[in-house]
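Some notes on the structure that comes next.
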Amino acid sequence: MLCFLRAMNILAEIRRRFAAALAELAQEEPPWTAAGESGMRDLVRQSQDAKFGDYQANLAMPLAKQLARPPRDVAAQIVAHLDVADLCHEPQIAGPGFINLTLRDDWLAARLGAAVSDARLGIAPAAKPRTFIVDYSAPNVAKPMHVGHIRSTVIGDSLYRTLKFLGHRAIGDNHIGDWGTQFGMIIHGYKHFLDKAAYERSHVDELARLYRLVNQLVDYHEGRARLPELEKRVAEAEQTVAGLRAAPPTGDAKADKKAAQILRRAEADLAAAKSDLAEMRRRLAAVEADARLARLARDHAGIAEAVLAETAKLHADDAENLALWRQFMPDCMAAIQHLYDRLGVRFDETLGESFYHDRLRKVVDDLVAKGLARESGGAMCVFLEETPAPMIVQKRDGAFLYATSDLATIQYRQERWQPDALLYVVDHRQSLHFQQLFAAARLWGYGHMEFAHISFGTVLGDDGRPFKTRSGDTVGLEGLLDEAVERAHAIVSANDDAKSDGPELTAADRKRIAQTVGIAALKYADLSQNRTSDYVFSYDKMLAMNGNTATYVQYAYARVRSIFRRGGVDVERLRADAAPILLDTPAERALAVALVQFAEALEAVLADYRPNQLTTYLFELANRYSTFFDQCPVLKAPSEELRTSRLLLCDLTARTLAQGLALLGIDVVEQM
RNA sequence: GCGCCUGUAGCUCAGGGGAUAGAGCAACGGUUUCCUAAACCGUAGGUCGCAGGUUCGAAUCCUGCCAGGCGCACCA
13 MLCFLRAMNI LAEIRRRFAA ALAELAQEEP PWTAAGESGM RDLVRQSQDA KFGDYQANLA
73 MPLAKQLARP PRDVAAQIVA HLDVADLCHE PQIAGPGFIN LTLRDDWLAA RLGAAVSDAR
133 LGIAPAAKPR TFIVDYSAPN VAKPMHVGHI RSTVIGDSLY RTLKFLGHRA IGDNHIGDWG
193 TQFGMIIHGY KHFLDKAAYE RSHVDELARL YRLVNQLVDY HEGRARLPEL EKRVAEAEQT
253 VAGLRAAPPT GDAKADKKAA QILRRAEADL AAAKSDLAEM RRRLAAVEAD ARLARLARDH
313 AGIAEAVLAE TAKLHADDAE NLALWRQFMP DCMAAIQHLY DRLGVRFDET LGESFYHDRL
373 RKVVDDLVAK GLARESGGAM CVFLEETPAP MIVQKRDGAF LYATSDLATI QYRQERWQPD
433 ALLYVVDHRQ SLHFQQLFAA ARLWGYGHME FAHISFGTVL GDDGRPFKTR SGDTVGLEGL
493 LDEAVERAHA IVSANDDAKS DGPELTAADR KRIAQTVGIA ALKYADLSQN RTSDYVFSYD
553 KMLAMNGNTA TYVQYAYARV RSIFRRGGVD VERLRADAAP ILLDTPAERA LAVALVQFAE
613 ALEAVLADYR PNQLTTYLFE LANRYSTFFD QCPVLKAPSE ELRTSRLLLC DLTARTLAQG
673 LALLGIDVVE QM
């Protein structure tokens, strides 16, 4: 019974049936042998259009080619050997040789009936569980988190949850930056610019202020130093452009086109150089316009070197700096923890750079001993076939790098967890680094692991440029959450006020709902995007009641709960009674098919580590529920049997939506 | 110069060898004595950047080009 109750997924089952049919044919007729081999299973899939049934097999056409026979004959022969009578109606052969399958309603109903009494909704855990380490979020804890951290955090968290739900062993690891120059900045700031009273009031706020101040002063001096270089770049670019413009046409169309292209690029370079220069001047002016800042800048001309010195002392185990680091860390951790609490994100491990610090020497020594790293230009390098540039594991000055620390991390994770796979949820700009890291790790003896860089694009503003505040600063994560919640509150309130029977929610309800809805909108907007592309950030779109948004899916859930409230339905008893499910109308059937395909959506997520496969599914399910809700009265169904059946469909829908959202790290609300 | 990613409806985006390319927004039209109309149903809108190639079949794979983004030895 259990195997029926939790058949992994229908598509996989149908593929097995086709494989069996092909194997049978291969035994009877040798020409079919090649046909039974690889590649055929992917040609069985969900139908894209309901009029072609629920599933379709497209394998007759390529086979017909191999066998040199008409494709419809080939399809007929496959169908003759195909045993799917328990799940599907008679297979239909259509068009050039498509085999269309329609699930039997009694089978659908039985399958849903089994899911009703199953806490896992009929989803079987993985037959072969694997151990995954999911490396996500990884902020620098010395500075406030910003919009740039949201994608890694949210995508990683969702993959982590999905892996666990499907029965894998997953370890969520937050590889925080807790040992870099940023701490040198705070230490330096603490020693020179501390406002004791402010620090007493709030450690976190004062440390953040010190970081910003020191960073600004370092930037200022760096900017001053770079100004001539930038000015020179602009002047050169201007000259280049002028020269190109002055060049007469050659008369040769191809050469002229090439020249025009070079000119366009030169103009783009000039524009970029000018904008960099303007930005730099703006920032310098901002410091100079502030008398206090200007004085600090004057008095601390060597601040960049001082910061580096503090960092170096920390790394050399200087007692004073180490003590300060230990003093600051709890406050820094508390600040990021506050955000993780708001987001509902957690980790099994939070091991940052400091944890690996004393392992780096040994990593380099081992790489050298194994002949994988050698000295080049004063630095210790691992040369790789995969990339033109080597991976540097130790700088000329003896310091170790990100790459060294990442290798040490792989080594540690192997010792600690023996993982099958390492997933790095990090933005696409670091793809070269990961290409090098993975290649080096394989050389180093970790070739048995699956390494995956789960890369993602940039969050853009509606101007198509990286999302910034109006003044050009990065957007803080805290403020981003506040605004999402605030806007959600306005929408929840307006909706509640507009209810025909008058408002139902207390002020406290509205606040609580706004929290959930606001955070959900933000996360879902990110997760519903194909992670490889950049996406344009918009509060209005993410909180829209229509379309592929968390709010729309949550609304479908709330409508189910509303029916149960109004009908005084005892859900436990409803489930226990095991009444039959009836699929009499197209809307009910469409909903039923979506419900039994949940497992397929989850598998699709893991196939390419893409949570947007799940959001697409949930949107489709919520959409079908909305149609059902519109067309099929539940509490006032024409018969008691139908009422019960529809209540069961509602219950399964609500549970599937809630479970799916939970795997995205999103909560549901009972009313909204 | 080399490498990676992206280019699909007016806008924001799905789809990544299968049948007539989808959704939301915006536009237009319809549906509330009935469980939340924050909804539902419909109409209109496309040279899937361009050109070749592979294939029974290409938005999807390959090559070249065009456009944009991002990287490219001692930052993380």
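Quick note: the first sequence uses our numbering, first residue 13, plus one each step. Here a beta-carbon is modelled for each residue, glycine too, at the ideal position from N, C-alpha and C.
Sequence-distant residues of the same chain with beta carbon closer than 8 Å to threonine 252, five excluded per side: Spatial neighbours of threonine 252 in its own chain (CB-CB distance under 8 Å, excluding positions within 5 residues in sequence) are listed in chain order as Ala278, Asp281, Leu282.
At the level of alpha carbons, what is the spacing between arginine 747 and leucine 675? The question about residue 747 has no answer here: the residues shown for the chain are numbered 13 through 684.
Measure the C-alpha to C-alpha separation of glycine 484 and alanine 258 and round it to an integer number of angstroms. 36 Å
Bridge partners of alanine 182, per DSSP? Phe144
Note down the Cα distance separating cysteine 15 from arginine 587, rounded to an integer number of angstroms. Low confidence applies here, because cysteine 15 scores a pLDDT of 44, under 50, leaving its location unreliable; read the following figure in that light. So the alpha carbons of these two residues sit roughly 20 Å apart.
Leaving out five residues before and five after aspartate 509 in sequence, what residues of the same chain have Cβ atoms less than 8 Å from its Cβ? Pro515
Identity of the residue in Glu243, Leu517, Glu25 nearest glutamate 291 by Cα: Glu243
Go to valine 405, then tell me how far its beta strand (DSSP E) extends in each direction, as first and last residue. 403 to 406
Cβ shell of leucine 175 (< 6 Å), same chain only, five flanking positions each side left out: The answer, listed in chain order, is Phe144, Ala182.
Just how far apart, CA to CA, sit alanine 126 and alanine 591? 11 Å
Inside the segment 385 to 461 only - beta strand (DSSP E) runs reaching at least 3 residues: 385 to 388, 391 to 394, 403 to 406, 433 to 437
Residue of Asp513, Gly677, Ser59, Ala451 minimising C-alpha distance to glutamate 397: Ala451
Please report the distance separating the alpha-carbon of asparagine 112 from that of proline 645. 32 Å
Coil, strand or helix - threonine 656 by DSSP: helix
With 16 other CB atoms within 10 Å as the buried threshold, where does glycine 410 fall? Glycine 410 comes out exposed.
Within the continuous beta strand (DSSP E) that includes isoleucine 105, where are the two ends? 104 to 106
By the DSSP assignment, the beta strand (DSSP E) with tyrosine 67 in it spans what residues? 67 to 69
My understanding is that alanine 385 touches valine 357, with C-beta atoms under 8 Å, so please give their C-beta distance in whole angstroms. Not confirmed; about 36 Å, so no contact.
In this structure, how does DSSP classify lysine 382 when only helix, strand and coil are distinguished? Lysine 382 falls in the coil class under three-state DSSP.
List in chain order: all unbroken beta strand (DSSP E) runs of 3+ residues lying wholly within the segment 191 to 272. none
Quick test of your reading: tyrosine 629 and alanine 613, contact by CB under 8 Å. State the CB separation rounded to the nearest angstrom. 4 Å
Can you list, in chain order, the residues of its chain with a C-beta nearer than 8 Å to that of alanine 285? Leave out the 5 residues immediately preceding and following it. Leu242, Arg245, Val246, Ala249
Taking a contact to mean a Cβ-Cβ separation below 8 Å, would you say leucine 225 touches phenylalanine 205 in this structure? yes
Burial state of glutamate 653, where buried means 16 or more other Cβ atoms lie within 10 Å: Exposed, because fewer than 16 other Cβ atoms sit within 10 Å of the Cβ of glutamate 653.
Under 7 Å Cβ to Cβ from leucine 372, same chain only, skipping five residues before and after it: list those, please. Taken in chain order, the residues that qualify are Phe412, Thr416, Ser417, Ala420.
Out of Arg27, Cys344, Gln58, which has the shortest C-alpha to C-alpha gap to phenylalanine 152? In the sequence under discussion, the amino acid at residue 152 is asparagine, which differs from the phenylalanine named in the question. Nearest of Arg27, Cys344, Gln58 to asparagine 152, Cα basis: Cys344.
Buried or exposed for methionine 684, going by 16 or more other Cβ atoms inside 10 Å? So methionine 684 counts as buried.
Check isoleucine 575 in the structure and name its three-state DSSP category. In this structure, isoleucine 575 counts as helix in the three-state DSSP scheme.
Any idea if glutamate 365 is buried or exposed, counting beta-carbon neighbours within 10 angstroms, 16 or more meaning buried? buried
What runs of the beta strand (DSSP E), each 3 residues or longer, lie entirely inside the segment 336 to 376? none
With DSSP run on the structure shown, which of helix, strand or coil describes alanine 324? helix
7 Å Cβ shell around glutamate 495 - same chain, five flanking residues per side excluded: Tyr551
With a threshold of 7 Å (Cβ to nearest heavy atom), would alanine 666 be considered close to the ligand SAH? Judged by which ligands are present, the structure shown has none, so any question about the ligand SAH falls away.
Less than 6 Å between C-beta atoms, sequence neighbours within five positions excluded: which residues of the same chain meet that for methionine 13? Note on methionine 13: pLDDT 40, under 50, position unreliable in the model; the coordinate value appears next. Contacts found: none.
Answer yes if the segment 603 to 620 comes into contact with the segment 123 to 142, meaning at least three C-beta pairs across the two stretches below 8 Å, and no otherwise. yes
For threonine 639, which residues of its own chain have a beta-carbon under 6 Å away from its beta-carbon, when the five flanking residues on both sides are left out? Answer for threonine 639: Ala599, listed in chain order.
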